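Below is one structure, written out as structure tokens; the observations come after it.
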Amino acid sequence: MLIGIDVGGTFTDGVLFNGRDIVKTIKQPTDNDNLQRVILDVLDDLLAAVPAQASVERIVLSTTLVTNLLATGRGERTALILIPGYGLPHSAYHLSPDTFFLRGAIDFRGREIEALAKDEVISLAKHLIQLGIKRAAVAGKFSNRNRSHEDQVAHLLKQEYPDLEVTLSCDISNRLNFPRRAATTYFTAMVSPEWQHFVNEVEKALQQKGLKAEVHILKADGGTLPLPVSRKYPCETIFSGPAASTMGALALTMDQQNSLVIDVGGTTSDLALLVEGVPLHASKGARLMGQYTHVDAVSVRSIAIGGDSPLTFAEGELKILPERHGPAACFGGETATVTDAFNYRLALNQGDINRSREYLQQIADLANMKLEDLCDSIITQVVTTLTETTREMFKEWENEPAYKVWEIVHRRHFTLDRVVGIGAAAYCIIPRVAESLGVQPFIHRYSDVANALGAAVARPTLSVYLHLDTERSTCAIEPGGVVEKRSDISKFQLEDARKLAVDYLYAMGKARGMDDYLDDYKVFLEEQFNMIRGWSRTGRIFDVGVQIAPGLIQAYQGVEQ
């Protein structure tokens with residue numbers, strides 16, 4: 179049996195799936211100050227429904243822990259130490275208020291062109307002690323080609339400041355694009371100890387329950403990562419909520435139509451796209467706090483409107499406020515919200531409808547409106563916001579490679595087939611959004627827990643990047659930050675580089691328990707560059723990328739509508 183748990187901003191959903199149908203569903207309020215407790219409470223309720231003869235084989239968690247830490251600024255103060263080499267001015271790299279620069283440079287092939295200034299590192303360590311900073315992220319330009327400078331910095335910092343927690347960019351992301359690698363490393367260093375604590379608590383609780391199931395974390399790209407592996411890559415879990423809704427839509431539809439996915443949550447609404455049944459991914463990576471990162475992610479737009487969005491009448495205007503003030507009135511809150519309007523006017527049937535009516539009437543009296551007219555106005559605002567945001571998002575999606583490929587293959591503009599509704603309020607509002615877009619709505623009986631179902635049946639993913647320089651006999655592999663000398667690549671052709679990349683994928687995949695999916699790999703990057711000296715070719719540079727792409731586990735055949 180499979181368990182999926184999705185921690186949302188307002189509610190945490192859980193499903194117990196037996197391979198054919200959902201056996202039990204859970205929905206309970208999220209306590210963002212104690213996510214571990216929420217997850218374990220939901221897990222207890224689901225485990226209680228497991229038949230005596232059955233066992234849980236796999237548990238997948240989608241959690242907002244890392245997103246919350248970064249969004250609320252609760253991550254501990256972290257230094258960002260950069261070795262930018264030559265090129266852009268230092269002002270281009272200020273990702274953190276505590277950003278420090280060191281001399282030293284590596285070129286694009288991994289050759290040292292300026293030695294590291296070790297005295298600067300020692301001075302910086304003493305300065306960090308004075309500032310009381312206990313975490314540091316170190317990123318050097320082209321450290322993915324030669325990690326020696328980052329390793330030296332870490333050694334010198336720890337020698338001078340043993341209690342400093344140091345995170346190296348070459349360990350977190352061994353890919354090109356220095357600013358994105360630096361940002362990814364900085365965010366990782368900021369949240370890593372809290373994530374380690376979270377993993378420890380989950381593992382401890384599962385051990386106490388005697389569970390031997392595989393435990394995975396849902397990633398931003400819609401794939402899963404084994405819980406122990408996530409210790410090194412906590413930032414892979416950002417935006418796992420939108421990824422869960424996207425995979426949930428995929429699990430409910432199981433076809434190749436072009437679908438807009440709208441997850442109407444409590445705090446936000448998330449928009450994503452399925453192109454012929456495949457989630458559209460952000461080619462530039464996840465954007466976090468205004469910075470692009472090396473975290474692969476579904477292309478999603480989150481907007482600050484959801485069931486818990488409070489209603490107000492001020493300055494002669496009825497407004498839906500973006501920030502959440504607490505639960506809806508029907509759930510005991512002291513403010514009328516979008517959920518209350520849906521409850522009264524669209525028969526959402528959540529909580530105490532009398533409280534919804536009472537608090538909505540207070541606003542209607544202020545606005546001098548009939549209660550029905552007030553609710554209709556709120557519903558219209560929600561539909562308009564979702565529709566306009568969709569049209570804006572399509573302009574962004576037009577720049578994504580998969581979107582362009584569809585138009586080239588079909589020789590026409592992209593056409594949307596339907597809107598898939600996710601969330602408890604989906605059946606109330608999605609038909610109206612679909613009508614305004616001129617397409618059909620899709621609402622499933624499990625739309626309200628689709629996020630948790632998507633987490634439960636999402637398959638593990640893995641992307642491997644290989645960089646070979648035959649002239650220098652060097653091989654760099656991502657993930658892992660491995661840069662090694664190889665004497666056997668001097669006569670490599672592109673097919674040899676491809677085979678080597680696949681070999682690394684198989685080795686890493688087996689270590690992560692992905693044996694069932696390794697034969698589904700796809701090559702998504704192949705480049706070859708000849709190195710010329712005088713009139714002769716002296717070597718080649720190969721870049722190859724292979725992956726196990728996001729999708730659903732092999733055993734999943736869908737659930738009945």
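Our numbering applies: residue 179 is where the sequence shown begins, and numbers increase by one. Just so it is clear, CB atoms sit at the ideal spot from N, CA and C, and this is done for glycine as well. Since the structure is predicted, the reported quantities are computational estimates derived from the model, not experimental observations.
Would you call the CB atoms of residue 415 and residue 635 closer than 7 Å? no
So is residue 628 in contact with chain E if we call contact Cβ pairs under 7 Å? Here chain E cannot be found, since the structure has a single protein chain.
Neighbourhood of residue 192 by C-beta, 6 Å cutoff - its chain only, sequence neighbours within 5 removed: 183, 204, 220, 224, 630
Count the other C-beta atoms from every protein chain shown that fall within 10 angstroms of the C-beta of residue 488, then say buried if there are 16 or more, exposed otherwise. buried
Contact between the stretch 310-317 and the stretch 426-436 (3+ Cβ pairs under 8 Å): no
What does DSSP give as the partner residues of residue 479 in its beta bridges? 449
Mapping DSSP to helix, strand and coil, what is residue 521? helix
Are there three or more Cβ pairs, one per stretch, closer than 8 Å when the stretch 507-526 is compared with the stretch 475-494? yes
Is it the case that the stretch 618-626 contacts the stretch 600-610, given that we only count it when at least three CB pairs across the two stretches are under 8 Å? yes
Leaving aside the five residues before and after residue 648 along the sequence, list all residues of the same chain whose C-beta is less than 7 Å from its C-beta, in chain order. 667, 668, 670, 717, 718
How many Å lie between residue 289 and residue 696 at the Cα? 35 Å
Within 7 Å, strictly: CB atoms of residue 747 and residue 393: No answer is possible for residue 747: the residues shown for the chain start at 179 and end at 739.
On the three-state DSSP scale, how would you describe residue 211? coil
Kindly list the residues whose CB is nearer than 7 Å to the CB of residue 704, restricted to its own chain and excluding five residues on each side of it in sequence; keep chain order. 672, 676, 722
Let me check understanding here. Comparing Cα to Cα, which of 396, 291, 296 lies closest to residue 279? 296
Exposure label - residue 264; buried when at least 16 CB within 10 Å: exposed
Element boundaries [beta strand (DSSP E), containing residue 438]: 437-442
Limits of the unbroken beta strand (DSSP E) element including residue 390: Segment: none, residue 390 is in no beta strand (DSSP E) and carries neither H nor E.
Burial state of residue 474, where buried means 16 or more other Cβ atoms lie within 10 Å: buried
Suppose the cutoff is 7 Å on Cβ atoms and the five residues either side in sequence are ignored; what does the same chain contact list for residue 591 look like? 585
First through last residue of the alpha helix (DSSP H) which encompasses residue 308: 296-309
Grouping DSSP H, G and I as helix and E and B as strand, with all else coil, what is residue 689? helix
Going by C-alpha distance, which of 410, 538, 498, 277 is nearest residue 445? 498
Could you tell me if residue 546 is buried or exposed, where buried requires 16 or more neighbouring beta carbons within 10 angstroms of its beta carbon? exposed
Starting from residue 569, trace the alpha helix (DSSP H) both ways and give me its first and last residue. 549-575
Alpha carbons only, please: which of 633, 720, 688 is nearest the one belonging to residue 674? 720
Do the stretch 705-714 and the stretch 679-694 make contact, defined as three or more Cβ pairs closer than 8 Å? no
Residue closest to residue 452, alpha-carbon to alpha-carbon, out of 470, 468, 421: 421
6 Å Cβ shell around residue 513 - same chain, five flanking residues per side excluded: 488, 503
Could you tell me the alpha carbon to alpha carbon distance between residue 362 and residue 356, rounded to whole angstroms? 10 Å
To which residues of the same chain is residue 646 closer than 6 Å at the C-beta, ignoring the five residues directly before and after it? 653, 667, 675, 720
Can you name, in chain order, every residue of its own chain whose Cβ lies under 8 Å from the Cβ of residue 371, other than the five neighbours on each side? 254, 313, 343
Using a 10 Å radius around the Cβ and a threshold of 16 neighbouring Cβ atoms, would you call residue 215 buried or exposed? exposed
Taking the alpha carbon of residue 364 as the reference point, which residue from 347, 375, 500, 303 has its own alpha carbon closest? 347
Identified DSSP bridge partners for residue 647: 652, 719
Starting from the Cα of residue 574, find the closest Cα among 233, 462, 353, 324 and give me that residue. 462
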